[in-house]
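Trainee:
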């Protein structure tokens with residue numbers, strides 16, 4: 001690999017942007033396709049599919065054998081609410097390779113004892129989220145049931161490129177949430193991005209089952225593009 005190509009890959013990694021290194025296995029030629037340039041690339045469908053998989057691999061195109069080296073940022077799971085469901089989600093998310101962050105200004109809940117080895121941010125979301133950042137490799141989950149915490153966080157997520165946005169609550173609760181967010185200036189198209197009730201409909205009851213349903217929906221959005 002040429003040094004300028006390596007430098008370009010490192011630059012994309014530093015700002016949490018994906019890229020794909022296309023290597024021609026017959027000629028040895030290589031070129032880097034950044035996320036910004038992907039849509040215009042002749043191999044766009046192949047590159048997009050490989051990026052969704054999150055894995056590198058060999059493909060064939062026009063009689064050529066190509067190896068696509070995928071560099072994608074680690075998925076970040078940002079949660080508002082240091083609640084029981086969050087306690088169940090974090091270990092599962094870690095096994096999936098996700099970086100979890102929990103935001104909750106209620107310091108009685110957001111404690112290291114309840115969430116060992118987890119990045120805890122005991123602040124209000126409107127203070128914490130600009131520093132944390134939300135991008136297209138971030139899944140946002142609102143779990144507090146408290147509009148004072150969840151609504152500002154959902155507003156930030158809706159203004160971002162998060163690939164997944166989900167919020168806990170019944171249909172009645174979500175309908176009231178939608179009313180508040182529309183009053184804040186969001187449109188029906190904006191609010192359609194929110195998965196609510198959150199999680200796949202598996203009949204989940206316990207915190208662990210709800211956590212499983214949420215993460216399954218997050219993975220589906222990530223790999224299939226259902227929530228992008």
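In UniProt numbering, the protein residues as written are 1 to 228.
Glycine included, C-beta positions come from ideal geometry on N, C-alpha and C.
On the DSSP bridge list, what partners appear for residue 65?
Mentor: Within the chain shown, the letter at position 65 stands for residue 65. In DSSP, residue 65 forms a bridge with 60.
Trainee: Please classify residue 187 as buried or exposed, where buried requires at least 16 other C-beta atoms within 10 Å of its C-beta.
Mentor: For this step, residue 187 is matched to residue 187 along the chain shown. Residue 187 comes out exposed.
Trainee: Give the range of the alpha helix (DSSP H) segment to which residue 13 is assigned.
Mentor: As a working note, residue 13 is residue 13 in the chain shown. Residue 13 -> alpha helix (DSSP H) spans 3-14.
Trainee: Would DSSP call residue 102 helix, strand or coil?
Mentor: Here residue 102 is taken as the residue at index 102 of the chain shown, counted from 1. Strand, per DSSP.
Trainee: Identify the continuous alpha helix (DSSP H) that holds residue 86 and give its terminal residues.
Mentor: For the purposes of this step, residue 86 is identified with residue 86 of the chain shown, where counting begins at 1. Residues 84-95.
Trainee: Going by C-alpha to C-alpha distance, which of 116, 133, 115 and 103 sits closest to residue 122?
Mentor: Counted from its first residue, the chain shown places residue 122 at position 122. It is 103 whose Cα lies nearest to the Cα of residue 122.
Trainee: Any idea if residue 150 is buried or exposed, counting beta-carbon neighbours within 10 angstroms, 16 or more meaning buried?
Mentor: Start at 1 with the first residue of the chain shown, and residue 150 comes out as number 150. By the 10 Å Cβ count, residue 150 comes out buried.
Trainee: For the candidate residues 45, 19, 26 and 109, whose alpha-carbon lies nearest to that of residue 36?
Mentor: Translated into the one-based positions of the chain shown, residue 36 becomes position 36. For residue 36, the nearest C-alpha among the options comes from 19.
Trainee: What did DSSP end up calling residue 228 once you bin it into helix, strand or coil?
Mentor: In the chain shown, residue 228 corresponds to position 228, counting from 1. Summary for residue 228: the model assigns pLDDT 35, below 50, so the residue's position carries little reliability, and this model does not support an answer.
Trainee: Three or more C-beta pairs under 8 Å: does that hold for the segment 160-174 against the segment 124-143?
Mentor: The segment 160-174 vs the segment 124-143: in contact.
Trainee: Assuming residue 193 is part of the beta strand (DSSP E), what are its boundary residues?
Mentor: Along the chain shown, read from residue 1 onward, the residue named residue 193 stands at position 193. Element bounds for residue 193: n/a, residue is neither H nor E.
Trainee: For a quick check, are the C-beta atoms of residue 82 and residue 93 less than 9 Å apart?
Mentor: On the chain shown, residue 82 is found 82 positions in, with the first residue counted as 1. On the chain shown, residue 93 is found 93 positions in, with the first residue counted as 1. No.
Trainee: Is it buried or exposed for residue 76, if we count other Cβ within 10 angstroms and need 16 for buried?
Mentor: The residue you call residue 76 lines up with position 76 of the chain shown. So residue 76 ends up on the buried side.
Trainee: Just how far apart, CA to CA, sit residue 5 and residue 34?
Mentor: For the purposes of this step, residue 5 is identified with residue 5 of the chain shown, where counting begins at 1. For the purposes of this step, residue 34 is identified with residue 34 of the chain shown, where counting begins at 1. Residue 5 and residue 34: Cα-Cα distance of roughly 11 Å.
Trainee: Tell whether a beta-carbon distance below 9 Å holds between residue 177 and residue 212.
Mentor: Position 177 of the chain shown, counted from the start, is the residue given in the question as residue 177. Position 212 of the chain shown, counted from the start, is the residue given in the question as residue 212. Contact flag unset, no.
Trainee: Jot down the residue ranges of each uninterrupted beta strand (DSSP E) in the segment 115-196, minimum 3 residues, whole runs only, in chain order.
Mentor: Within the segment 115-196, the complete beta strand (DSSP E) runs of at least 3 residues are 119-121, 138-142 and 164-167.
Trainee: From what residue to what residue does the beta strand (DSSP E) around residue 76 run?
Mentor: As a working note, residue 76 is residue 76 in the chain shown. Here the beta strand (DSSP E) through residue 76 covers 76-80.
Trainee: Give the range of the beta strand (DSSP E) segment to which residue 23 is assigned.
Mentor: Position 23 of the chain shown holds residue 23. Where residue 23 is concerned, the enclosing beta strand (DSSP E) stretches over 19-24.
Trainee: Assign residue 230 to buried or exposed, taking buried as 16 or more other Cβ atoms, counted over all protein chains shown, within 10 Å of its Cβ.
Mentor: Look at the range of the chain in this structure, 1 to 228, and you will see that residue 230 is not part of it.
Trainee: Can you tell me whether residue 120 is buried or exposed, with buried defined as 16 or more other CB within 10 angstroms of its CB?
Mentor: Along the chain shown, read from residue 1 onward, the residue named residue 120 stands at position 120. Under this definition residue 120 is a buried residue.
Trainee: Among residues of its own chain, excluding the 5 on either side of residue 166, which ones have a beta-carbon nearer than 8 Å to its beta-carbon?
Mentor: Position 166 of the chain shown, counting from 1, holds the residue named residue 166. Closer than 8 Å at Cβ, skipping near neighbours: 139, 140, 141, 142, 194, 195, 196, 198, 199, 214, 217 and 218.
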